[in-house]
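Engineer: Please see the structure below; I have some questions.
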Amino acid sequence: MTETARAWLVKSEPDVFGFDDLVRAPDHTTPWDGVRNYQARNYMRDDMRVGDVVLFYHSNANPAGVAGLAEVASEPYPDPTQFDAGSDYHDAASDRSAPRWWLVDVRATAPLARLVTLAELREDPVLAGLDLPLLRRGNRLSVMPIPAAAVDRIVALAES
DNA sequence: GCCAACGTTGGC
DNA sequence: GCCAACGTTGGC
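Heads up: the first sequence begins at 1304 in the numbering used here, then just goes up one per residue.
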């Protein structure tokens, strides 16, 4: 991790759990459970810190885009759903003494003035210079670092 | 619903 | 360790 990358972007399908759902959650907070990708897990387990800025992105949506601002609200801890046989995210191969999947809590801090769409992100010359993982071809990561400058820019776009 | 891109699995 | 098959993601 570089020191300037202390900001993150997380994806969620608004039909399943959108930014408004996070706002309505107790303390505007939810465990970011169900992530089953090692790179995304590593970001949560190893690199996220309480208070880091998080952009909440709506994927598989019409339109897709950044919907709101959030923050990391806990230290990393094992994702309890991996041990829950009734959960879609159950992982029978994960051992309680060495959990495979980790998460952090995410708390909504503020909605953006409006949704900033994926198309806008792609068209913006400032963001183009920041080489966002989100905008790379074929990107599928659900948790990724984002430069702080990109957060500032996206907030500005939302207010424009 | 389609399909390209990607990560994971498992046979060898 | 290779790589084909498979399942999933996510934009459109």
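For glycine and all other residues, C-beta sits at the position ideal for the given N, C-alpha and C.
1. Look up Glu1374 in the DSSP assignment and say whether it is helix, strand or coil.
2. Expressed to the nearest angstrom, what Euclidean distance is found between the alpha-carbon atoms of Lys1314 and Tyr1360?
3. Taking 8 Å as the threshold (C-beta atoms), are Arg1410 and Ala1370 in contact?
4. Looking only at C-alpha atoms, which of Ala1413, Pro1329, Asp1434 sits nearest to Glu1462?
5. Are the region 1420-1428 and the region 1343-1354 in contact at 8 Å, needing three or more beta carbon pairs?
6. So, is Asp1382 buried or exposed, given that buried needs 16 or more other C-beta atoms within 10 angstroms?
7. Would you mind giving the Cβ-Cβ distance between Ala1310 and Ala1451, rounded to the nearest angstrom? I have them listed as a contact below 8 Å.
8. Check this for me: beta carbons of Arg1403 and Phe1386, under 8 Å apart or not?
9. Should Ala1376 be labelled buried (16 or more other beta-carbon atoms within 10 Å of its own) or exposed?
10. If you compare alpha carbons, which of Val1338, Asp1318, Asp1324, Leu1437 is closest to Asp1391?
11. How is Arg1440 classed by DSSP in three states: helix, strand or coil?
Structural biologist: With the structure as the only source:
1. Here residue 1374 refers to the residue found at position 71 of the first sequence. If DSSP states are grouped into helix, strand and coil, Glu1374 belongs with the strands.
2. Reading the first sequence from its first residue, position 11 is the one you call residue 1314. Reading the first sequence from its first residue, position 57 is the one you call residue 1360. Roughly 5 Å between the two C-alpha positions.
3. As a first step, residue 1370 is located in the first sequence; it is residue number 67 there, counting from the start. As a first step, residue 1410 is located in the first sequence; it is residue number 107 there, counting from the start. Contact flag unset, no.
4. Here residue 1462 corresponds to residue number 159 of the first sequence, with the count starting at 1. Closest option to Glu1462, Cα to Cα, is Ala1413.
5. no
6. Translated into the one-based positions of the first sequence, residue 1382 becomes position 79. Buried, by the Cβ-count rule.
7. For the purposes of this step, residue 1310 is taken as the residue at position 7 of the first sequence. For the purposes of this step, residue 1451 is taken as the residue at position 148 of the first sequence. 5 Å between Cβ atoms; contact.
8. Along the first sequence, one-based indexing puts residue 1403 at 100. Along the first sequence, one-based indexing puts residue 1386 at 83. Not a contact, by the Cβ cut-off of 8 Å.
9. Position 73 of the first sequence, counted from the first residue, corresponds to residue 1376. So Ala1376 counts as buried.
10. In the first sequence, residue 1391 corresponds to position 88, counting from 1. Of Val1338, Asp1318, Asp1324, Leu1437, the residue nearest in Cα terms is Val1338.
11. Indexing the first sequence from 1 puts residue 1440 at position 137. Correct three-state label for Arg1440: coil.
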